[in-house]
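Enquirer: Got a structure for you, written out below as structure tokens; questions coming shortly.
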Amino acid sequence: MGTIDRRTLLGGTAGTLAVVGLPLPLPLHAAPRGAGLRGLPHGLAPRGGVPARLPVVDPSCALLNRGWLFHEGDIVPPAPLTHDATYLNAKAGNARGAAAMDHDDSDWASVTLPHDWASAQPFVESANVSQGYRPRGIGWYRRTLRLDPADRGKRLELHFGAIATASTIWVNGSVVARNFSGYNAITIDLTPFARFGDELNVIAVRVDATQMEGWWYEGAGLYRDVWLAKRSAVSIATDGVHCDPRRGDGGWQVPVAVTLESIARGEATASVTAELIDPAGKVIATATGQARVTPLGQASVALTLPVAQPALWSIETPTLYAVRVTSEAAGGRDERRVPVGFRTIRFDADQGFFLNDKPVKLKGVCLHQDHAGVGVAVPDALLEWRLQRMKDTGVNAIRCSHNAQADAFYHLCDRMGFVVMDENRVFNPAPENMAQLEWLVRAHRNHPSVILWSVFNEEPMQGTEAGVEMVRRMAARVHALDGSRPVTAAMNGSFYDPQNVSSVVDVMGFNYYQGDYDKFHALNPAKPSTSSEDTSAYMTRGAYATDKAANVMTSMDTEAAPWGATHRQAWAEIAKRRFVAGGFVWTGFDYHGEPTPFTWPSVASFFGILDLCGFAKTAYDIHRAHWIDDEAVVGIAPHWTWPGREGQPVELLVTSNADRVRVVLNGRMVGEQAVDRIMGNAFTVPYAPGRIEAVALRGGREVARAVHETAGPAVALRLTPARATMLGDGEDVVAVTIDAVDAQGRHVPTENRATRFTVEGATLIGVGNGNPNSHESEKAPARALFNGLAQMLVQAEVGRGTVTIVTQAEGLRAARLTIPRIAAEPRAQVAATPGGAFIAGWRRSPAFAASPDPALAPSADDNNSWAFTRSGTPTPPEPARSFRLYRAAIPVRRRVMAEGGVLAFAAIAGLAKIYADGRLVATKTEAAPGPVNVAIPAGAKTVAVLVEAAANQPSGITGVVRVLTKG
Ligand code: GAL
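If you want my numbering, it's the 1-based position in the sequence shown plus 196.
Okay, here's the thing in structure tokens:
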């Protein structure tokens, strides 16, 4: 990979970052593409700025990412045996085991979302190869949630961004969702299950990650954001605003379709206002409408916002407007702010893709969602950095292979200027999967970045009548929800079968089969086409010779899967055909799992243009030469540190978008050639230590230069952050590159030493080095360099301060890095509710005129004589003095069981005697409602409360009941 002489690039304002051992001036403002510290592979110099703050589309939402408890492994409660237990097992709110409200979670681990438990697993040879040899298994999450009494009457919704993979969700002991995909959002109407005030809510989630939907690493757990929405009783539905701008004859308009829903008790009239807000924040169009919404019903309002000449959204200038929709009705107001972009898209059968009537070749990559160190739990700031690395590569299009990505992904693509092929996961028009497809379209159809819906990837039924019928139904559903974007399917063959799905998609998608482009086009001259997937070349970052016995692939772009092609060959086929709209390289980044063509000990893929950490392989320079037009680029491979190979010929690959390239060794020109922009230029140079340079020329003038210098032995470590500042918002993440340098401060590309580090002011959330064969932990504060590089991911703490990282290695000078953490408002988070045990429900006896035997209990088969009541619910008055017994099991808490504890009644109304396992343990002598704390002995299992109520007085257990440890 090439590096660029820092003298030519370190322009602009330079500040100083503390790098012990090597204090170097670094640019504190946006680093130009290709900028580098001495010998540091380019693109890794710190950038300025701060991460994008993503739009708050629904201001009624707050994140529910903190305060979760996690248990790895399944918890299977014993099956009910008695009549009573069987009867109760079938009732709402009575989930058993870890889903039960009172389950003992006191020894579960505290976790903050996003969380992927698979990424912390060791690599195990007997585990699934495609999932990266990581055991996934089953896990449980629980969260206690306090809802304010003021939230009564609001529509309360839980949103899980996605859960890997099959999940069951309970709220307060009732199943509220079963979901069978690891990629779609899950929306739950919490309202009917909600408890308020001190009566806490318990959310329990069982995640079955033994289920697989893919043949890549899918992670495990609550790996995306979770949100809690609190909306007015008449509110805008989730994904209930469709506002995708359209160009008409006399200008543009934004059709705004709003779906309202109501939990109000009576019919309501809602006034709906839609406003178009320009990038400066000015309202430039307004429309209003009204709708009657029936209780628990839905209604829609259709409005139009005209705008004559909006600034267009494009890849180069991704201008965003916003549509603000408000609904007002008795009982409150609701609001959405949806970013929109004005652009037209068109696929032409002969001329490819057009954006705003201009031809745009799709220079695309396929992306899975994981990164080194964190698996699929990728924080937004890291996702943004990954996309920035794609921009640096010259990418303008991304295929979501083979599933929906996180919400933030689409917002970032809108904002950064990528076009997106969004893809459905499971090919099946049955209701459950159709609902997933509908969700995909509803959730993403307002994003200007999305240009194409893909209903499948490589399905064996693609050449059958059934396949055609399935695609027909799915495409029809997509078109019904979105009239503006075409549907494709990523086919790998069967193009000429009498029944094949190419006949029922709008755009033909070729996975590989590049030799069929022309034949298919000739037979289907009216059908637009694109490569939906190509390349599948293999490279190990920083390796320049293939060693199949060691599972290493050269980065000289000579290795590819039999069904694929090298990076250069694949693009050559696409670039020369106008009718092929573009390509999607498999893949932009390496990913965990699918280590094709190898198996164990390889645990990650070799396909990426960048490795698992986002470090550049030679493919990065190759594609920059292919794809970047607005800047002269040049790259040179391999590096120039080959001790022992003096005098031997080295094959160089020089890649550039200039006219000519000249290779210079130690100041002497060794060759010059006219640039082959696609295949690159080969030079053979006898190795001599020193400095090898590739000089790119246009009109005889130097326009870019790539340099490698021979490094001596490593003497020190170096730390380089991807960004010069961090936000103190508790979420920001910066990738920090660790490398070793020689006595002259040159990057040592061959160093593989183990490093270890400490981090203050931030949390280390993961580590990696891009070696697909490494079995080191991705969570430990230690990582070996791999071909010169390793990466740590640090997540900022909250508030202003400093992040300090120190890294050490045997025999090398340590490096210390400080990154200023600037004050930033954290995103709204629902406060963590202290959990703990509480008695939620009781059996209540009928009223007696005289005090009953406190041992009285309903028989095991009697679910009728005694009522079921909840803590906090007063028992209605009787006309005369009366007695009642309340019985409950004491929730098991290991410590309380062992040492005894306290039952803390927030309020009992009436006189009371309290018994633990039949023994009197407390007496309440005041009739007025009041708190009672009762010591219970070790091993106590049941509690009975005998309440004496005065005539015409409410009585009973009128507050929450907590189970506490002693002291
Ligand atoms: C394709 C498939 C991808 C990946 C790739 C590897 O056939 O769509 O998901 O498996 O092969 O070459």
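Quick reminder that beta carbons are idealized off the backbone N, C-alpha and C, glycines included.
(1) Which stretch, first to last residue, makes up the beta strand (DSSP E) that contains Asn-707?
(2) Would you please state the rounded distance, in angstroms, between the beta carbons of Ala-878 and Leu-913? I believe it to be under 8 Å.
(3) Which partner residues of Tyr-419 appear in the DSSP bridge assignment?
(4) Assuming contact is defined by CB atoms lying nearer than 9 Å, are Glu-395 and Gly-1031 in contact in what I supplied?
(5) When the Cα atoms are used, what is the spatial distance from Ala-483 to Leu-236?
(6) Could you tell me which residues DSSP puts in a beta bridge with Gln-1025?
(7) Based on the DSSP output, what are the partners of Thr-959 in its beta bridges?
(8) Quick one: is Tyr-708 buried, meaning 16 or more other Cβ sit within 10 Å of its Cβ, or exposed?
(9) Quick one: does the C-beta of Glu-927 sit closer than 8 Å to a heavy atom of the ligand GAL?
(10) Considering Pro-793, what are the terminal residues of the alpha helix (DSSP H) in which it resides?
(11) Less than 7 Å between C-beta atoms, sequence neighbours within five positions excluded: which residues of the same chain meet that for Ala-604?
(12) Quick check on DSSP: helix, strand or coil for Ala-1145?
(13) Report the partner residues of Arg-1115 according to the DSSP bridge assignment.
(14) Nearest-angstrom Cα distance between Trp-336 and Ala-258?
(15) Could you check how far apart the C-beta atoms of Phe-652 and Asn-620 are, in whole angstroms? I think they sit under 8 Å.
(16) Assuming the contact rule is C-beta atoms closer than 8 Å, Val-437 and Val-454 should be a hit. Round their C-beta distance to whole Å, please.
(17) Measure the CB-CB distance between Thr-684 and Thr-726 and report whether it falls below 9 Å.
(18) Return yes when the Cβ of Asn-983 is within less than 9 Å of the Cβ of Pro-945, no when it is not.
(19) Could you tell me how far apart the beta carbons of Ala-518 and Leu-501 are, in whole angstroms, since I believe they sit closer than 8 Å?
(20) Quick one: residues in its chain with C-beta nearer than 7 Å to the C-beta of Gly-843, no 5 flanking neighbours on either side, listed in chain order?
(21) How should Pro-223 be labelled, buried or exposed, when 16 other C-beta atoms within 10 angstroms of its C-beta is the threshold for buried?
(22) Smallest Cα separation from Ala-429: which of Gly-393, Gly-444 and Ala-466?
(23) Got a sec? Which residues, its chain only, sit under 6 Å from Arg-229 by beta carbon, not counting five neighbours each side?
(24) Rounded to whole angstroms, what is the Cα-Cα separation between Ala-495 and Glu-457?
(25) Does the stretch 636 to 648 come into contact with the stretch 690 to 699, if we say contact requires no fewer than three beta-carbon pairs (one atom in each stretch) closer than 8 Å?
(26) Along the chain, which unbroken stretches of the beta strand (DSSP E) at least 3 residues long are found entirely within the stretch 535 to 584?
(27) Suppose you measure from the CA of Arg-202 to the CA of Arg-234; what does that come to, to the nearest Å?
(28) Would you mind reading off the limits of the alpha helix (DSSP H) that contains Thr-814?
(29) Going by alpha carbons, who is nearest to Met-735 out of Asn-720, Arg-773, Ile-805 and Tyr-787?
(30) Whose CA, out of Ala-739, Thr-783 and Glu-769, lies closest to the CA of Gly-711?
(31) Report buried or exposed for Arg-737, applying the criterion of at least 16 other Cβ atoms within 10 angstroms of its Cβ.
(32) Given a threshold of 16 other Cβ atoms within 10 Å of its Cβ, counted over all protein chains shown, does Thr-278 qualify as buried or as exposed?
(33) Regarding Gly-760 and the ligand GAL, is the C-beta to nearest heavy atom distance less than 8 Å?
(34) Using only the alpha-carbon positions, how far apart do Ala-958 and Glu-1021 sit?
(35) Looking at the strands, I want to know which residues DSSP matches up with Lys-426.
(36) Along the chain, where does the beta strand (DSSP E) containing Asn-877 start, and where does it finish?
Expert: Reading from the atomic positions:
(1) Position 511 of the sequence shown, counted from the first residue, corresponds to residue 707. 703 to 707 is the span of the beta strand (DSSP E), which, as asked, contains Asn-707.
(2) As a first step, residue 878 is located in the sequence shown; it is residue number 682 there, counting from the start. As a first step, residue 913 is located in the sequence shown; it is residue number 717 there, counting from the start. So it is not a contact: roughly 35 Å between Cβ atoms.
(3) In the sequence shown, counting from the first residue as 1, residue 419 sits at position 223. DSSP, once it has assigned bridges, lists no residue as partnering Tyr-419.
(4) The residue you call residue 395 lines up with position 199 of the sequence shown. The residue you call residue 1031 lines up with position 835 of the sequence shown. Cβ distance not < 9 Å, so Glu-395 and Gly-1031 don't count as in contact.
(5) Here residue 483 refers to the residue found at position 287 when the sequence shown is read from its first residue. Here residue 236 refers to the residue found at position 40 when the sequence shown is read from its first residue. Cα to Cα, the separation comes out at about 54 Å.
(6) Position 829 of the sequence shown, counted from the start, is the residue given in the question as residue 1025. DSSP lists Leu-259 as partners of Gln-1025.
(7) In the sequence shown, counting from the first residue as 1, residue 959 sits at position 763. Paired residue(s): Gln-991.
(8) Mapped onto the sequence shown, residue 708 falls at position 512. Looking at its Cβ environment, which holds 16 or more other Cβ atoms inside 10 Å, Tyr-708 is buried.
(9) The residue labelled residue 927 in the question sits at position 731 within the sequence shown. Because no heavy atom of the ligand GAL lies under 8 Å away, the Cβ of Glu-927 does not count as near it: no.
(10) Taking the sequence shown and counting its residues from 1, one reaches residue 793 at position 597. Taken as a continuous stretch (DSSP letters only), Pro-793 belongs to no alpha helix (DSSP H), as it is neither H nor E.
(11) As a first step, residue 604 is located in the sequence shown; it is residue number 408 there, counting from the start. Correct list, in chain order: Leu-250, Asp-576 and Leu-579.
(12) By 1-based counting over the sequence shown, the position of residue 1145 is 949. Here Ala-1145 sits in strand by DSSP.
(13) If you number the sequence shown from 1, residue 1115 lands on position 919. Note: Arg-1115 sits in a beta bridge opposite Ala-1112.
(14) In the sequence shown, counting from the first residue as 1, residue 336 sits at position 140. In the sequence shown, counting from the first residue as 1, residue 258 sits at position 62. Going from the Cα of Trp-336 to the Cα of Ala-258 covers about 23 Å.
(15) Here residue 652 refers to the residue found at position 456 when the sequence shown is read from its first residue. Here residue 620 refers to the residue found at position 424 when the sequence shown is read from its first residue. Correct: roughly 7 Å between the Cβ atoms.
(16) Here residue 437 refers to the residue found at position 241 when the sequence shown is read from its first residue. Here residue 454 refers to the residue found at position 258 when the sequence shown is read from its first residue. Their Cβ separation, rounded to whole angstroms, is 6 Å, which keeps Val-437 and Val-454 in contact under 8 Å.
(17) Position 488 of the sequence shown, counted from the start, is the residue given in the question as residue 684. Position 530 of the sequence shown, counted from the start, is the residue given in the question as residue 726. The answer is yes: Cβ separation under 9 Å.
(18) One-based indexing of the sequence shown puts residue 945 at position 749. One-based indexing of the sequence shown puts residue 983 at position 787. For Pro-945 and Asn-983, yes; Cβs fall inside 9 Å.
(19) Numbered from its first residue, the sequence shown carries residue 518 at position 322. Numbered from its first residue, the sequence shown carries residue 501 at position 305. Going by Cβ atoms, the distance from Ala-518 to Leu-501 rounds to 11 Å, so no, they are not a contact pair.
(20) Indexing the sequence shown from 1 puts residue 843 at position 647. These residues qualify, in order along the chain: Pro-882 and Tyr-883.
(21) Position 27 of the sequence shown, counted from the first residue, corresponds to residue 223. Legend: pLDDT at Pro-223 = 29, less than 50; position of this residue unreliable, no value from coordinates given.
(22) The sequence position of residue 429 within the sequence shown is 233, counting from 1. The candidate whose alpha carbon is nearest that of Ala-429 is Ala-466.
(23) Along the sequence shown, read from residue 1 onward, the residue named residue 229 stands at position 33. Summary for Arg-229: the model assigns pLDDT 34, below 50, so the residue's position carries little reliability; its value from the coordinates is reported in the next sentence. Only Asp-588 meet the Cβ criterion.
(24) Within the sequence shown, numbered from 1, the residue matching residue 495 stands at position 299. Within the sequence shown, numbered from 1, the residue matching residue 457 stands at position 261. Distance between the alpha carbons of Ala-495 and Glu-457 is about 6 Å.
(25) no
(26) 541 to 544, 548 to 551 and 558 to 563
(27) For the purposes of this step, residue 202 is taken as residue 6 along the sequence shown, with counting starting at 1. For the purposes of this step, residue 234 is taken as residue 38 along the sequence shown, with counting starting at 1. The predicted model places Arg-202 with a pLDDT of 27, which falls under 50 and marks its position as unreliable; any figure quoted below should be read in that light. Cα to Cα, Arg-202 sits roughly 6 Å from Arg-234.
(28) As a working note, residue 814 is residue 618 in the sequence shown. Element bounds for Thr-814: 814 to 823.
(29) Translated into positions along the sequence shown, residue 735 becomes position 539. The shortest C-alpha separation from Met-735 is found at Ile-805.
(30) Within the sequence shown, the letter at position 515 stands for residue 711. Among Ala-739, Thr-783 and Glu-769, the Cα nearest to that of Gly-711 is on Glu-769.
(31) Counting from 1 along the sequence shown, the entry for residue 737 is found at position 541. Buried is the call here.
(32) What you label residue 278 is simply residue 82 of the sequence shown in a count that begins at 1. Burial call: exposed.
(33) One-based indexing of the sequence shown puts residue 760 at position 564. Yes - the ligand GAL has a heavy atom lying nearer than 8 Å to the Cβ of Gly-760.
(34) Residue numbering aside, residue 958 sits at position 762 when the sequence shown is read from its first letter. Residue numbering aside, residue 1021 sits at position 825 when the sequence shown is read from its first letter. Between Ala-958 and Glu-1021, the C-alpha separation is close to 16 Å.
(35) Looking up residue 426 in the sequence shown gives position 230. BP columns for Lys-426 point to Leu-352.
(36) In the sequence shown, residue 877 corresponds to position 681, counting from 1. Looking at the DSSP string, the run of the beta strand (DSSP E) that includes Asn-877 is 877 to 882.
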